Amino acid sequence: MSAVRKPQKSSSEVKVLTIPKSSASRVPATNRKPAVSQKSADKANAVDLVVSSSDLAVVPRLAASKPASRVNAKPLDMDEIIEEVAHAIATTQDHYKCIMFTDLESSTEYKRSMGHTKGYMRNRLFCDICERAVERYSGQVVKKLGDGVLIVFERAIDAVMASMLIKSSLSNERKKLKKIVGPMNFRIGITCGYVKEIPGKEQDFIGHAMDKGARIESQALRNQILIDEIVYGLIHTKLRDYSGDILIGAPKNMTLKGVGVSTLYEVSPKQMGLESSLGSRMKKMFQ
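All the letters of the sequence shown, read from the start, carry residue numbers 125 to 411 under the working numbering.
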């Protein structure tokens with residue numbers, strides 16, 4: 125009767141040893157555990173090694189030996205922050221401004237299909253055209269929004285005239301611009317109201333009128349300029365002086381998100397017609 129030998133257990137056991145960093149380069153010749161000569165004070169300076177007793181292979185464990193950073197448990201001084209904000213608001217004056225938001229259509233899709241460089245060139249051309257136009261009517265560029273511009277004016281009629289200069293300039297050079305960067309369609313929204321200047325190195329404003337201007341712009345059709353009832357009330361007495369230049373559409377009540385119902389009017393250079401008219405839209409389709 126033949127005896128069956130039981131398989132011997134492999135001596136190639138894998139152990140995880142924690143040793144001081146100073147000893148990491150020296151691995152014992154035997155598989156005995158290294159003596160622990162230091163206690164918890166040295167554990168922060170220790171590293172974990174994966175040791176195979178058969179060939180003494182040493183592999184560093186891919187983990188940080190100690191946390192890279194610790195959360196600062198000291199709370200923020202909320203009273204100090206509140207006091208500073210309250211002081212800034214109390215000492216900042218309100219300003220009555222006419223606000224214009226401009227936006228270049230389909231800038232995100234254009235950059236995705238044509239690339240970052242051409243997308244930047246298209247945005248830059250549009251923003252510079254807007255900036256040059258508003259300079260003629262004493263407008264102030266508050267900030268460039270990537271694919272649009274935020275502008276403030278002292279007079280409503282200046283904002284309307286600047287917006288129509290933007291529209292006519294883009295229309296007159298449509299073919300030239302299209303060869304360079306493709307179609308440059310836009311939307312413009314204009315309102316007036318009290319705003320508060322935000323303290324800082326760069327001028328900026330905050331207020332209900334700023335939010336409303338952005339909402340009006342978002343409601344505009346392609347290549348359309350929209351003004352609200354506030355702007356209309358300020359410029360309608362000037363229409364006789366500009367009757368040969370400005371065309372104003374019929375009032376239309378629209379619900380603006382977060383703002384409420386507002387009466388909006390389309391304005392356009394008289395020779396270009398209104399974007400809201402069917403004839404104008406059909407004409408644009410075949411250009």
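Every residue, glycine too, gets a C-beta built ideally from N, C-alpha and C. Since the structure is predicted, the reported quantities are computational estimates derived from the model, not experimental observations.
Beta-carbon proximity check, residue 315 vs residue 282, cutoff 9 Å: The residue given as residue 315 occupies position 191 in the sequence shown. The residue given as residue 282 occupies position 158 in the sequence shown. Cβ distance not < 9 Å, so residue 315 and residue 282 don't count as in contact.
Cβ-based burial, residue 263 [other Cβ within 10 Å; buried from 16]: Residue numbering aside, residue 263 sits at position 139 when the sequence shown is read from its first letter. Result: buried.
Identity of the residue in 381, 373 and 265 nearest residue 340 by Cα: Stepping through the sequence shown from its first residue, residue 340 is reached at position 216. Closest option to residue 340, Cα to Cα, is 381.
Selected residue, minimal CA-CA separation from residue 269, among 292, 278 and 231: Looking up residue 269 in the sequence shown gives position 145. Residue 231 is the option with its Cα nearest to residue 269.
CB contact check: residue 237 to chain C, cutoff 9 Å: The chain inventory of the structure shown lacks chain C, comprising one protein chain alone.
Local Cβ density within 10 Å of residue 233, reported as buried at 16 or more and exposed below that: Working through the sequence shown from its first residue, we reach residue 233 at position 109. Label assigned to residue 233: exposed.
CB of residue 379 within 9 Å of CB of residue 356, strictly: Your numbering for residue 379 matches position 255 in the sequence shown. Your numbering for residue 356 matches position 232 in the sequence shown. With respect to residue 356, residue 379 sits apart: the two C-beta atoms are not nearer than 9 Å.
Beta-bridge partners of residue 371, as assigned by DSSP: For this step, residue 371 is matched to residue 247 along the sequence shown. BP columns for residue 371 point to 392.
7 Å CB neighbourhood of residue 344 in its chain, flanking five on each side removed: Working through the sequence shown from its first residue, we reach residue 344 at position 220. So the qualifying residues of the chain are 311, 312, 313 and 350.
Host beta strand (DSSP E) of residue 264 (start-end): On the sequence shown, residue 264 is found 140 positions in, with the first residue counted as 1. It spans 264–268 - the beta strand (DSSP E) in which residue 264 sits, taken as one unbroken run.
Rounded separation between residue 277 and residue 199 - CA only: Position 153 of the sequence shown, counting from 1, holds the residue named residue 277. Position 75 of the sequence shown, counting from 1, holds the residue named residue 199. When rounded, the distance between both Cα atoms is 43 Å.
Top-ranked residue by Cα proximity to residue 360, from 221, 258 and 284: Indexing the sequence shown from 1 puts residue 360 at position 236. Cα-wise, what sits closest to residue 360 is 284.
Identified DSSP bridge partners for residue 311: If you number the sequence shown from 1, residue 311 lands on position 187. Note: residue 311 sits in a beta bridge opposite 227 and 348.
Exposure of residue 327, with buried meaning 16 or more beta-carbon neighbours within 10 Å: Looking up residue 327 in the sequence shown gives position 203. It is exposed - the Cβ of residue 327 has fewer than 16 other Cβ atoms within 10 Å.
Buried versus exposed, by CB contacts within 10 Å (16 or more), residue 347: The sequence position of residue 347 within the sequence shown is 223, counting from 1. Buried: at least 16 other Cβ atoms inside 10 Å.
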